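Working notes for the structure below.
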Amino acid sequence: MSLSYLIQIDFQLSGIESPPNTITQVLGIPPDTALRRGERNRELALPRSNIWSKRSSAPAFDSALSEHWQNLSGYLAGKESAIRSITGSGRTRFSIIVDGSGRVPPLLSPLEMVQFASGVRADIDVDVYQ
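Positions 98 to 227 (our numbering) are the ones given, in order, by the sequence shown.
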């Protein structure tokens, strides 16, 4: 059985009071996804809470989790205090996304990623799609 997968890390702030454009200004980081809280509407599919997220570089076949953390940490480094102040009662999460076939690759989180997640009170979630 061959091993072929794509991997990516998504850093997300959700359920926060601040609108996404304010978060972008405070952090100085352009998001990959920015959705403003709105009423549920099937045609518009507006979210029930504000969402702001930044992903690691485009998913690459057979890349290591550490490579994606290096890319994402370049944006997030030094922003811990700002992230904590923005989040308030919202949620901060890292999602490790693995999409592929065959055996799931080793998902050893770099120590720096775990330390950063702890510093901003973020969950680390693993999503595997096969």
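The beta carbon of each residue, even a glycine, is placed where N, CA and C say it ideally should be.
Computed from a predicted model, the values in this text were never measured in an experiment.
- Query: Is the beta carbon of Pro-106 sitting closer than 8 Å to the one on Trp-149?
  - Reply: Position 9 of the sequence shown, counting from 1, holds the residue named residue 106. Position 52 of the sequence shown, counting from 1, holds the residue named residue 149. The sequence shown places Ile at residue 106, not Pro. Cβ atoms of Ile-106 and Trp-149: not closer than 8 Å.
- Message: In the DSSP output, what is Lys-151 paired with across the bridge?
- Response: Residue mapping note: residue 151 aligns to position 54 of the sequence shown, counting from 1. Answer is Phe-108, bridged to Lys-151.
- Query: Which term fits Asn-118, buried or exposed, when burial requires 16 or more other beta carbons within 10 angstroms of its beta carbon?
  - Reply: Numbered from its first residue, the sequence shown carries residue 118 at position 21. It counts as exposed.
- Of the residues Arg-134, Leu-169, Ser-153, the one placed nearest Arg-145, counting alpha carbons only: As a working mapping, residue 145 is identified with position 48 in the sequence shown. Checked all of Arg-134, Leu-169, Ser-153; the closest Cα to Arg-145 is Arg-134.
- Boundaries (first-last residue) of the beta strand (DSSP E) holding Ile-194: Looking up residue 194 in the sequence shown gives position 97. From DSSP, the beta strand (DSSP E) with Ile-194 extends over 188-198.
- Query: So does the region 203-216 actually touch the region 114-130, counting three or more Cβ pairs closer than 8 Å?
  - Reply: no
- Item | Closer than 7 Å: Arg-133 CB and nearest the ligand SAH heavy atom | This structure lacks the ligand SAH, and indeed carries no ligand of any kind.
- Excluding sequence positions up to five away, which residues of its chain have a Cβ less than 8 Å from the Cβ of Ile-126? The sequence position of residue 126 within the sequence shown is 29, counting from 1. Same-chain partners within the cutoff: Lys-151, Tyr-172, Leu-173, Lys-176.
- Could you check what DSSP says for Leu-205 in three-state terms: helix, strand or coil? In the sequence shown, residue 205 corresponds to position 108, counting from 1. Correct three-state label for Leu-205: coil.
- Message: Less than 8 Å between the C-beta atoms of Leu-162 and Ile-120, yes or no?
- Response: In the sequence shown, residue 162 corresponds to position 65, counting from 1. In the sequence shown, residue 120 corresponds to position 23, counting from 1. Contact: no.
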